[in-house]
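As structure tokens, the structure follows; a few thoughts come after it.
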């Protein structure tokens, strides 16, 4: 009888041990799959970038939907904009991945686009705000520590006026080293415009018609200026990139053949101007195109594609102008990732 009870106790202990091992294995497996879903990627074409899995060092600090990133290459800082209730709208990291600061400003509702201006002088961070509350429909300039310096547009009022200047869900801003400002407006609102402003905020030229024709837009979503006086606009709704002369505003060309499956959401150039980096949100991929030399637009040519895991949803990107490292703001994954230039 005593031997039978002893055997029963051993059997029960073994069953409990097997159950614990099973549960630990299941938890471990689930954790690794969840982790891989955000880190997995594959490259087709020329391998130009690799993922830095150690950046940032505390990814758990991302607490909302990540919409944009901006890099100060001289100070080694990365600004990340996120949306959500009762969370800091901007997180600041070092390019090594250390968390440095959070902006808890109440003046920012729904950040969309972001740009770091004048890195070599008096740097500032520009953010487009597509919120519908009292601070929305504006473009804001902040100090590196998050102090509001300037507001473009009519806070809380969507509009199309150029005097006074108004926006309706402005998507992104690009500020040239000359101080001239390029704004694409808007992200699904009443406006479909590309506006160029002088450094003292005077309208120099504009394209503002909705449509599919030359120099017309449907949800212009991102803008960048290259070294050859050309302005490149991600014309998201029309699944193309349009090109303009930065001085005159004249239409120069259009790229559409590379975006039949998914629209371009973001446009940026590598520091050497050899490649254009394009985010395609619904395809979950980053596409690198050959950037044409001066005087030539031609047809787009894909050099490399970084295919991200499903539902990562890359939105806008920025590059470190010192070493060409790439930072990707990802809505679906609620994170920003760093890719190192090879």
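Residue numbers (mature numbering (1 follows the signal peptide of the UniProt record, and there is no 0)): -29 to -1, 1 to 313. Here a beta-carbon is modelled for each residue, glycine too, at the ideal position from N, C-alpha and C. What you are looking at is a predicted structure, and each value in this text was computed from that prediction instead of being measured.
Check, Outcome
"Three-state class that DSSP yields for residue 208 in the structure shown", "helix"
"C-beta atoms of residue 117 and residue 76 nearer than 8 Å", "yes"
"Three-state secondary structure assigned by DSSP to residue 32", "helix"
"Buried or exposed (CB count within 10 angstroms, at least 16 for buried), residue 307", "buried"
"Three-state class that DSSP yields for residue 225 in the structure shown", "strand"
"Straight-line Cα distance separating residue 289 from residue 51", "10 Å"
"Rounded separation between residue 24 and residue 158 - CA only", "31 Å"
"Simplified DSSP assignment, three categories, for residue 138", "coil"
"Short Cβ contact (8 Å threshold) for residue 87 with residue 42", "yes"
"Cβ contact (3+ pairs, closer than 8 Å) linking the segment 91 to 110 and the segment 190 to 207", "no"
"Meets three-Cβ-pair contact criterion under 8 Å: the segment 248 to 261 and the segment 222 to 239", "yes"
"Rounded C-alpha distance that separates residue 170 from residue 153", "10 Å"
"Assumed close pair residue 163, residue 181 - CB separation to whole angstroms, cut-off 8 Å", "4 Å"
"Beta strand (DSSP E) segment containing residue 128, residue limits", "Per DSSP, residue 128 belongs to no beta strand (DSSP E) and is neither H nor E."
"Residue 92 burial status per 10 Å Cβ neighbour count (16 or more: buried)", "exposed"
"Cβ neighbour criterion (16 or more within 10 Å) applied to residue 267", "exposed"
"Nearest candidate by alpha-carbon position, reference residue 172, set 134, 271, 286, 148", "134"
"The segment 255 to 275 touching the segment 13 to 28, judged by at least three CB pairs closer than 8 Å", "yes"
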